[in-house]
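> Going letter by letter, the sequence shown gives residues -19 to -1, 1 to 245 in mature numbering (1 follows the signal peptide of the UniProt record, and there is no 0).
Don't be surprised by glycine CBs; every beta carbon is placed ideally from N, CA and C.
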Amino acid sequence: RALLAVSLNLMALLFSTTAFITTHWCEGTQRVPKPSCGKEKKTNCLNYSGNETANETNQNVVHYSWETGDDRFLFRYFHTGIWYSCEENINAAGEKCRSFIDLAPASEKGKTIQSRLLPILQIASVLFLVVLECQGKHYFLSTQGPTCVLWLSVVSEVLYIMLLVVGFSLMCLELFHSSSVIDGLKLNAFAAVFTVLSGLLGMVAHMMYTQVFQVTVSLGPEDWRPHSWDYGWSFCLAWGSFTCCMAASVTTLNSYTKTVIEFR
């Protein structure tokens, strides 16, 4: 049981770290206008008057394109993480990335944001109290600003990973260096407590990020708003980490209870 708990905790730690540094929490497509055709751009572009260079050589002439409706738009792929949002570059090869924190709407967006974020913030306020300095003011967990909530999510993710490391270290000590039953029980109990706390923090962090992303989809910059989106593999890893974390905590508590009963 102890070896199983250590393995589950290690899996949770690896999954959470990978999810934290990758940019595939959410992915989908964005609807953007096609660029004008030119010497270097001849596909997936608007060809005015049937001439690829017409728009470049005759600046004072009104040009027309026969493409209408969705034919005038491209659907480019994008993927977003906690730190960055990356989009397919329609003018060149590769991707271009920008900070997701800068994309989150400002706190002045008002009551719509508050109503959508308030349930998650109320859950967070039960678990811990943190004061963040944001936009020159102090906001508590009842803040209306998605940017502050996003930073709170980042802090929660970091604490989640740190507590997983502490829990993993205690489990390893209990497994390999425990000199007596009493010492083993103490290490087991502390490992279970730290693992449960890390799981609760991870759950809140994931939920807060999800809510911030959904608000950003509705109120974010016009040139970024997705046409369609879904959760990516980083999101699955994050919740897989939470599942492994809680399984490790249950296994550790079960081992602790069994040892206490046998010791008595």
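Among 152, 221, 194 and 162, which one has its Cα closest to the Cα of residue 241?
Numbered from its first residue, the sequence shown carries residue 241 at position 260. Nearest C-alpha to residue 241: 162.
> What does a CB cutoff of less than 7 angstroms around residue 246 pick up in its chain, not counting 5 residues either side in sequence?
Because the chain in this structure spans residues -19 to 245, residue 246 falls outside the shown range and cannot be described.
> With 16 other CB atoms within 10 Å as the buried threshold, where does residue 215 fall?
For the purposes of this step, residue 215 is taken as residue 234 along the sequence shown, with counting starting at 1. That one is buried.
> Out of 218, 190 and 231, which has the shortest C-alpha to C-alpha gap to residue 178?
Locating residue 178 in the sequence shown gives position 197, counting from the first residue. When each option's Cα is compared against that of residue 178, the closest is 231.
> Starting from residue 183, trace the alpha helix (DSSP H) in both directions and tell me its first and last residue.
Counted from its first residue, the sequence shown places residue 183 at position 202. Unbroken alpha helix (DSSP H) run through residue 183: 162 to 200.
> Helix, strand or coil for residue 273, going by three-state DSSP, please let me know.
With the chain represented from -19 up to 245, any question about residue 273 goes unanswered, as that position is not in the structure.
> In the DSSP assignment, what residue or residues form a beta bridge with residue 79?
To locate residue 79, count along the sequence shown from 1; it is residue 98. The partner list for residue 79 (beta bridge, DSSP) reads 66.
> Leaving aside the five residues before and after residue 239 along the sequence, list all residues of the same chain whose C-beta is less than 8 angstroms from its C-beta, in chain order.
Taking the sequence shown and counting its residues from 1, one reaches residue 239 at position 258. Correct list, in chain order: -19.
> Closer than 6 angstroms by C-beta to residue 91: which residues in its own chain qualify, once you throw out the five before and the five after it? Chain order, please.
As a position in the sequence shown, residue 91 is number 110, starting the count at 1. Note that residue 91 scores a pLDDT of 40, beneath 50, so its modelled location is shaky; the value from the coordinates is reported in the next line. There are no such residues.
> Rounding to the nearest angstrom, what Cα-Cα distance links residue 137 and residue 209 in this structure?
On the sequence shown, position 156 is the one that residue 137 refers to. On the sequence shown, position 228 is the one that residue 209 refers to. Roughly 28 angstroms between the two C-alpha positions.
> Exposed or buried, which one is residue 32 when buried takes at least 16 other CB atoms within 10 Å?
Position 51 of the sequence shown, counting from 1, holds the residue named residue 32. The pLDDT assigned to residue 32 is 49, lower than 50, so where the model puts this residue is not dependable, and the model offers no usable value.
> What are the boundary residues of the beta strand (DSSP E) that includes residue 10?
The count along the sequence shown starts at 1 and reaches residue 10 at position 29. Counting along the chain, the beta strand (DSSP E) containing residue 10 begins and ends at 7 to 14.
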